[in-house]
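From first to last, the protein sequence lines are chains A and B. In terms of our numbering, the numbers along the first sequence are unbroken and rise by one, the last being 116. In terms of our numbering, the numbers along the second sequence are unbroken and rise by one, the last being 119. Have a look at the structure below before the remarks.
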Amino acid sequence: GAGVSQTPSNKVTEKGKYVELRCDPISGHTALYWYRQSLGQGPEFLIYFQGTGAADDSGLPNDRFFAVRPEGSVSTLKIQRTERGDSAVYLCASSRRGGTITGELFFGEGSRLTVL
Amino acid sequence: AQKVTQAQTEISVVEKEDVTLDCVYETRDTTYYLFWYKQPPSGELVFLIRRNSFDEQNEISGRYSWNFQKSTSSFNFTITASQVVDSAVYFCALSEALMIYNQGGKLIFGQGTELSVKP
């Protein structure tokens with residue numbers, strides 16, 4: 001596809017369960033970002049990949065959150081032992097190599113996670 | 001530390017009015033990038049503009065204009081003759097430039113300003 005694709009678009013889970021959210025970036029984009037957006041708030045940075053490696057994971061809130069990008073394309077955000085406070089829209093974005101110094105971030109439509 | 005402040009939480013105007021959305025940023029970097037994104041009710045963030053810290057020229061694109069002033073660390077956005085389709089949440093964002101790695105850093109967003117344009 002032409003844009004950033006995220007699946008699932010909606011996920012409802014129970015407290016304590018494990019969740020995976022997938023992001024398929026724009027073809028050729030080497031930089032990939034994960035953000036979390038709570039209701040009425042701006043997107044909050046989680047992690048940033050350049051290729052396969054995490055260039056900056058300073059935004060991951062705790063060790064329940066983990067993200068991978070094994071082949072430098074698709075990325076998966078993994079949340080263990082989910083809590084109600086994890087409920088939010090998880091946004092993925094991609095950009096060309098060099099990230100924001102070469103251009104803008106292109107965002108997907110997000111995955112809405114609801115933890116009951 | 002980097003920070004972006006959008007003091008206006010909500011703005012409501014009547015169609016054809018001009019409206020300015022304020023953005024103030026904090027950074028210790030000398031090289032950085034500023035952005036505005038629009039988030040319509042559908043939820044997807046739409047890129048509007050990107051400026052680097054060395055370019056203080058104001059920019060106009062149709063009904064949109066941006067005023068960048070380093071002296072006051074502000075990057076304000078004005079919509080002229082607003083339309084109902086402009087109703088959305090607008091985010092200002094800041095990114096550092098990791099020149100040693102020849103790449104940009106993470107994008108830091110403000111809290112957003114919800115603009116409502118009534119007919």
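All residues carry an ideal CB built from backbone N, CA and C; glycine is no exception.
How about THR52 of chain A: is its C-beta nearer than 8 Å to some C-beta of chain B?
No - not a single Cβ of chain B is within 8 Å of the one on THR52 of chain A.
Helix, strand or coil for ARG64 of chain A, going by three-state DSSP, please let me know.
Looking at ARG64 of chain A - three-state DSSP - the assignment turns out to be coil, as it is neither helix nor strand.
By a C-beta neighbour count over all protein chains shown, 10 Å radius and 16 as the cutoff for buried, is GLN57 of chain B buried or exposed?
With fewer than 16 Cβ atoms within 10 Å of its Cβ, GLN57 of chain B is classed as exposed.
Which residues in the same chain as ASP55 of chain B place their Cβ atom closer than 8 Å to its Cβ, once the five residues preceding and following it in sequence are excluded?
Taken in chain order, the residues that qualify are PHE68.
Checking contacts by CB at 8 Å: is ILE108 of chain B closer than that to chain A?
It does; some Cβ of chain A falls within 8 Å.
Bounding residues of the beta strand (DSSP E) (the contiguous stretch that carries ALA93 of chain A):
Where ALA93 of chain A is concerned, the enclosing beta strand (DSSP E) stretches over 88-95.
Below-8 Å beta-carbon distance, ALA88 of chain B vs any chain A residue:
Chain A contact via Cβ: absent.
Between the Cα of PHE65 of chain A and those of A:LEU21, A:GLU14, A:ASN10 and A:GLY42, spot the shortest distance and give me the residue it belongs to.
Here the closest residue by C-alpha is A:LEU21.
For a test of the three-state rule: what should DSSP assign to ARG36 of chain A, helix, strand or coil?
ARG36 of chain A falls in the strand class under three-state DSSP.
Which residues mark the beginning and the end of the beta strand (DSSP E) in which LYS78 of chain A is found?
DSSP places LYS78 of chain A inside the beta strand (DSSP E), whose first and last residues are 75-79.
Element boundaries [beta strand (DSSP E), containing GLU71 of chain A]:
Per DSSP, GLU71 of chain A lies in no beta strand (DSSP E) segment and is marked neither H nor E.
With distances taken from CA atoms, which of B:GLN6, B:SER82 and B:VAL84 is nearest GLY40 of chain A?
Of the candidates B:GLN6, B:SER82 and B:VAL84, B:GLN6 places its Cα closest to the Cα of GLY40 of chain A.
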